[in-house]
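Colleague: With positions in the first sequence counted from 1, the corresponding number in the numbering used here is that position plus 21. Backbone N, C-alpha and C define an ideal beta-carbon position, used for all residues, glycine too. All values reported here derive from a predicted model rather than from experimental measurement.
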Amino acid sequence: MTKKVRVRFAPSPTGGLHIGGVRTVLYNYLFAKQHGGTFILRIEDTDQSRYVEGAEAYIFDCLDWCGLTPDESVMHGGDFAPYRQSERKDTYAKYAEQLVKNGFAYYAFDTPEELDEMRQKFKTHDNPSPQYNYEIRERMRNSLTLGEEEVQRLVSAGAPYVVRIKMPINEEIKFTDMIRGEVSFSSALVDDKVLLKADGMPTYHLAVVVDDHLMQISHAFRGEEWLPSAPVHILLWKYLFGLEQMPQWAHLPLILKPDGNGKLSKRDGDRLGFPVFAMDWTDPRTGDKATGFKETGFLPQAFVNMLAMMGWNDGTEQEIFTIDELVEKFSLERVHKSGAKFDYEKAKWYNHEWIKKLAVDRWQLAVKDDFAKRGIDISGDAKLKRVLELVKDRCSLLTDFYEQAKFFFEAPKTIDVDSIKGKWNEEKTAFFREWASSFDKVEWNAVTLEASFKERASSKNIKVGELMLPLRIMLVGGKFGPGVFDIAEVIGKSETQQRIEHALRLL
RNA sequence: GGCCCGUUCGUCUAUCGGCUAGGACAUCUCCCUUUCACGGAGGAAAGACGGGUUCGAUUCCCGUACGGGCUACCA
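1) Judging by CA-CA distance, which residue of Ala-403, Asn-372, Tyr-371 is the nearest neighbour of Gln-385?
2) Buried or exposed for Phe-546, please, with buried defined as at least 16 other CB atoms from any protein chain shown within 10 angstroms of its CB.
3) How far does the beta strand (DSSP E) with Phe-60 in it reach, from first residue to last?
4) Based on DSSP bridge pairs, tell me the residues matched to Lys-284.
5) Where DSSP assigns a beta bridge to Gly-202, which residues make up the other side?
6) Use the C-beta contact count for Asn-163: other C-beta atoms within 10 angstroms, 16 or more gives buried, fewer gives exposed.
7) Can you check the region 384 to 434 for any alpha helix (DSSP H) of at least 4 residues that lies completely inside it and give the ranges in chain order?
8) Grab me the residues of Glu-522's own chain with a C-beta within less than 6 Å of its C-beta, minus the 5 sequence neighbours each way, in chain order.
9) Taking Leu-525 as the reference, give the member of Val-28, Gly-57, Arg-493, Lys-218 with the closest Cα.
10) Look at the Cβ atom of Ala-76, then the Cβ atom of Thr-35, and state whether they are nearer than 8 Å.
11) Using the Cα positions of Ala-311 and Thr-317, report the straight-line distance between them to the nearest angstrom.
12) From the DSSP output, read off the bridge partner residues of Ile-186.
13) On the DSSP bridge assignment, give the partners of Ser-207 in chain order.
14) Given Phe-460, which residues of its chain have a CB within under 8 Å of its CB, disregarding the five upstream and five downstream residues?
15) Is it buried or exposed for Gln-425, if we count other Cβ within 10 angstroms and need 16 for buried?
16) Just how far apart, CA to CA, sit Thr-197 and Gly-244?
17) Could you check how far apart the C-beta atoms of Arg-105 and Ile-61 are, in whole angstroms? I think they sit under 8 Å.
18) Any idea what DSSP makes of Glu-93, helix, strand or coil?
19) Quick one: Cα of Lys-54 to Cα of Pro-274, how far?
20) Roughly how many angstroms lie between the CA atoms of Glu-118 and Gly-98, to the nearest whole one?
This is how it looks when you write it as structure tokens:
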């Protein structure tokens with residue numbers, strides 16, 4: 022029988038939401054929606070020393086922006102509350118005790134200093150990082166070596182202790198990953214991971230298994246970096262709830278840095294000049310700022326589309342997908358095994374495609390906000406829309422519109438007269454003065470404007486080609502932008518006259 | 001070091017034994033455009049290496065190399 026599909030994304034609220042995290046959310050979301058299942062957001066805040074103010078709210082903001090709303094969460098409620106692990110603290114100890122009682126785990130009294138000492142002592146060239154494993158545990162202070170009375174004494178004396186899993190000495194642990202197929206590990210080579218910390222909080226290892234069980238998770242997706250600890254989780258499932266109950270695992274490929282190799286990090290973004298987080302994030306402790314895709318000018322549709330394609334495709338040559346299409350077509354079987362280097366140029370291409378695809382109304386407000394932020398307040402939405410329509414082909418990011426369209430709203434501050442000065446003469450000055458003063462006689466639109474411009478040029482015996490660039494520079498300030506007569510039409514008669522006159526005085 | 005995972009154009013990828021190895025981004029050339037783009041046409045560009053299996057391997061298997069991940073009382 023098949024369980025009802027319930028998936029979860031379980032971030033630790035310690036900082037900005039990385040695109041790898043958003044992609045994990047996406048795949049969770051797509052899988053849940055496709056199967057009529059439930060998407061849960063669980064906050065894994067078991068490390069109190071890493072608590073970061075605002076990080077949790079930030080995660081919800083990011084998911085909101087992306088349109089990947091959880092069905093159950095701290096914010097949205099649900100039958101399996103609480104969804105914050107710090108609020109579930111009491112439930113974990115019980116399972117840890119059960120494991121100890123059944124001989125699958127043990128108390129360890131070693132202090133951090135003693136652990137350090139152990140690592141120093143056993144560190145060799147061949148073994149740079151000794152593990153707390155089946156060999157080492159015999160030489161440490163734990164309930165396996167201390168004897169029952171001593172353990173009792175320590176516990177009742179309030180000595181701090183952790184609970185560690187007792188990895189079997191020689192067992193093959195295997196499972197079938199939905200993406201990688203069968204994966205196997207030798208238990209002897211996995212260390213005795215801490216399950217319950219001295220402060221009574223579980224580590225990820227215990228918490229993920231207990232909560233996935235309690236929340237009836239059917240499929241567990243996470244990044245590939247978790248693969249090495251999978252055997253611990255498999256064993257815990259076996260000891261606690263039975264392997265038949267275990268969700269199906271899918272370890273997602275990593276998103277790699279564009280140059281060189283390795284996981285993409287915030288530092289790579291800073292170094293190479295592109296966002297790595299979904300939205301702007303400022304670390305409240307360090308004041309460290311990181312820019313987000315949203316603020317850089319990405320559309321959520323494009324962002325999600327691009328992320329979906331990093332590690333998956335539908336087997337056809339289609340690259341642009343709406344979220345609904347993704348929900349329909351997504352399949353784990355087509356998720357790749359290997360990591361993908363992040364390509365910012367391609368990311369911008371996706372955004373440009375979405376700018377062209379979506380109706381201007383869908384993103385007009387974001388551009389308006391960006392303009393306002395940079396000191397241009399736009400009153401008329403109709404004009405804005407017309408302008409956006411005119412320049413959208415040359416903007417990959419929403420923030421590109423500022424440079425591409427600000428001259429529609431205010432006269433250019435610098436005029437590139439140098440480009441036309443060389444071939445300038447009195448006849449041209451006269452031409453522009455006369456043309457500008459004839460505006461009252463023409464209907465104000467691009468077509469008639471262009472006609473009158475060309476007519477006058479030929480009657481004056483000046484090549485139109487000699488006048489087009491000058492006109493553009495007068496109105497725009499430089500060699501760019503859409504058709505000049507469209508620009509003139511939009512900025513209006515008197516503004517056009519003023520800009521021509523202003524430029525003429527500079528020549 | 002150990003363990004685990006991976007390996008097709010510069011990058012993202014298609015191919016589930018028949019390939020003249022396809023597409024997209026980037027790049028180059030040309031066309032369109034009296035600006036810059038968009039757009040259109042075309043070019044260059046890949047199967048890490050060595051063994052098998054097979055009539056036939058990019059595709060399956062095994063090694064090697066390379067890359068990555070993990071190796072905390074962090075997730």
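Modeller: In this structure, then:
1) Ala-403
2) Residue 546 lies beyond the range of the chain shown here (22 to 528); nothing can be said about it.
3) 59 to 62
4) Leu-277
5) Asp-198
6) buried
7) Here the runs fully enclosed are 385 to 394, 402 to 412, 421 to 426.
8) none
9) Arg-493
10) Their beta carbons are under 8 Å apart, which means Ala-76 touches Thr-35 by this criterion.
11) 11 Å
12) Ala-126
13) Glu-193
14) Lys-514, Thr-517, Gln-518
15) buried
16) 16 Å
17) That pair is no contact at about 12 Å.
18) strand
19) Rounded to whole angstroms, Lys-54 to Pro-274 spans 21 Å at the Cα level.
20) Their Cα atoms are separated by approximately 29 Å.
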